[in-house]
Amino acid sequence: MTSKEFNSKQGFTFSKHVPEELSNFDRVFDIFKDLLTHTSGDIEEAFEWLDMLDKEYDIFNDEYTLQDFEEDLKKRGYIKQEDPEEGNSGQGKGKNVLTPKLEAALREYALDQIFGKLKKSGTGNHRTTKTGVGDERDGENRSFQYGDDLSVVNMTESLKNAQINNGIADLRLTEDDLIVEETKHKAQMSTVLMIDISHSMILYGEDRITPAKKVAMALVELIKRKYPKDSIDIIVFGNEAWPIKIKDLPYLKVGPYHTNTVAGLELAMDILRRKRNTNKQIFMITDGKPSCIQLPTGEFYTNSYGLDEMIVNQCLNKAAQARKLKIPITTFMIAQDPYLRQFVEAFTAQNKGKAFLTGLSGLGQMIFEDYEKNRIRRI
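Offset between the sequence shown (1-based) and the numbering used here: plus 16.
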């Protein structure tokens, strides 16, 4: 395999491709990060899986052992000894716990896996197609119109016009000479990502929660890098719904829950009501039908068999309520059952949002592309 470079005088020149050599630590670290995501941050279980993989694929050798890797993790600040006085607090199990540095590394790894290598390129913003007096120069020029702000007048082009129209000897700048440089407004986006953690996310021999976690971590990292002025909130929903912090994502697990989509939508809309920016949206990752609501008495009404009319109607009402608040909902449905597709179509029609019936492999790319499209909105 060769690599090629372009020389403007000589054309293309080819050289032998030299593969990048990874250190022993970096080679194992990528495998370890993937295992940590699967084990929900349980370091000891990840070490056990790593040991099993070593026996089959010879990951370690006499020069670099599993114990060496563990020591490197500690030296580099990725794991630390758990303080017995503080307790576990839900972050990993056993004597070792993840540090914030490793939590950030997991988000970056998820981003690289799903969205490819993205370089941070300054402050990113969501731009609309609306022109006028905005925040950022567009590069397009037009003639001055009554009411235009003088701050957007392109003096260089205007003086050039004056010279052409009046000559140097009688240089005069008139309104007809003025040129305005177009600008674009920048819009911020507030996103709530809803993740279904009902028991069906691990049923039928398919792990659906791990890809959902990876997508969430990647989306958070994407926004932090590329659109730092945007906001993203993560909520999970089972029998109830509650917000989680970004640092909690690696530890997310499925519970013995039904699917209370209504509670998730209520919490998502409540969060977005408090956001001041114009552009708001909800992304919902779910694999099944809504099967639970909370009654006014506080009791839970559940029905896992088919689509319950009372539960469905409440979901449709929430979709319509979000539409009135101008909050579009994009549903990523990890299911292909015809009756569930009908429900998603009805739900989407009530909200005037979008729906994707997707498998697990394309989930991340779909969310990324949809986020990129949604960021271009008219204020």
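Where is the CB? At the ideal position from N, CA and C, for every residue including glycine.
{"Query": "Counted within 10 angstroms of its Cβ, other Cβ atoms place S161 as buried (16 or more) or exposed", "Result": "Before going on, a small fix: residue 161 reads as Gln here, not Ser. By the 10 Å Cβ count, Q161 comes out exposed."}
{"Query": "Inter-stretch contact at 8 angstroms, needing at least 3 Cβ pairs: the stretch 262-269 / the stretch 229-249", "Result": "yes"}
{"Query": "Enclosing beta strand (DSSP E) for P259 [first to last residue]", "Result": "257-260"}
{"Query": "N112 to I287 span [Cα, whole Å]", "Result": "35 angstroms"}
{"Query": "Alpha-carbon to alpha-carbon, M171 and A257", "Result": "56 angstroms"}
{"Query": "Boundaries of the alpha helix (DSSP H) in which Q330 is found, first to last residue", "Result": "325-340"}
{"Query": "Contacts around L187, its chain only, beta-carbon distance under 7 angstroms, and the 5 residues preceding and following it disregarded", "Result": "A178, Q179"}
{"Query": "Own chain partners of T207 with C-beta closer than 6 angstroms, once the 5 adjacent residues on each side are dropped", "Result": "I248, Q297"}
{"Query": "Minimum C-alpha distance to F41 - residue among L69, E79, W65, T53", "Result": "E79"}
{"Query": "Alpha-carbon spacing of N181 relative to D192, whole angstroms", "Result": "9 angstroms"}
{"Query": "Touch test, the stretch 208-224 against the stretch 114-121, Cβ-Cβ under 8 angstroms, three pairs minimum", "Result": "no"}
{"Query": "Residue range of the beta strand (DSSP E) that includes V252", "Result": "247-253"}
{"Query": "Burial state of P306 (16 or more Cβ within 10 Å)", "Result": "buried"}
{"Query": "First through last residue of the alpha helix (DSSP H) which encompasses T364", "Result": "354-367"}
{"Query": "For D212, the three-state DSSP class (helix, strand or coil)", "Result": "strand"}
{"Query": "G57 to Q358 span [Cα, whole Å]", "Result": "37 angstroms"}
{"Query": "Own chain, CB closer than 6 angstroms to Q129, minus 5 neighbours either side, in chain order", "Result": "none"}
{"Query": "Assigned exposure category for Y355 - 16 Cβ within 10 Å defines buried", "Result": "exposed"}
{"Query": "Length of the line joining the Cα atoms of M233 and L311", "Result": "33 angstroms"}
{"Query": "Sequence ranges, beta strand (DSSP E) only - wholly within the stretch 49-108, length at least 3", "Result": "95-97"}
{"Query": "DSSP three-state assignment for L189, whether helix, strand or coil", "Result": "coil"}
{"Query": "Cβ separation of I383 and F299, assumed to be a contact under 8 angstroms, to the nearest whole Å", "Result": "6 angstroms"}
{"Query": "Residue interval of the alpha helix (DSSP H) (run including T346)", "Result": "Here T346 belongs to no alpha helix (DSSP H); instead the beta strand (DSSP E) covers 345-349."}
{"Query": "Beta-carbon proximity check, Y243 vs M205, cutoff 8 angstroms", "Result": "yes"}
{"Query": "Environment of K334 [buried if 16+ CB atoms lie within 10 Å]", "Result": "buried"}
{"Query": "Beta-carbon gap between V236 and R391 smaller than 8 angstroms", "Result": "no"}
{"Query": "Alpha carbon of A371 to alpha carbon of G304, nearest angstrom", "Result": "14 angstroms"}
{"Query": "Spatial neighbours of I262 in its chain, beta-carbon cut-off 6 angstroms, leaving aside the 5 residues before and after", "Result": "V236"}
{"Query": "Proximity winner among K176, K90, V196, relative to L189 (alpha-carbon distances)", "Result": "K176"}
{"Query": "Whole-angstrom distance between R292 and A279, CA atom to CA atom", "Result": "23 angstroms"}
{"Query": "Under 8 angstroms between C-beta atoms of Y125 and S214", "Result": "no"}
{"Query": "CB of I327 within 8 angstroms of CB of A338, strictly", "Result": "no"}
{"Query": "CB contact flag (L270, I225, <8 angstroms)", "Result": "Inspection of the sequence shows that residue 270 is occupied by Val rather than by Leu. Contact flag set, yes."}
{"Query": "Contacts around D386, its chain only, beta-carbon distance under 8 angstroms, and the 5 residues preceding and following it disregarded", "Result": "F299, T346, K370, F372"}
{"Query": "Which of helix, strand or coil DSSP assigns to F169", "Result": "For the record, residue 169 in the displayed sequence is Val; it is not Phe. Residue state, collapsed to three classes: strand."}
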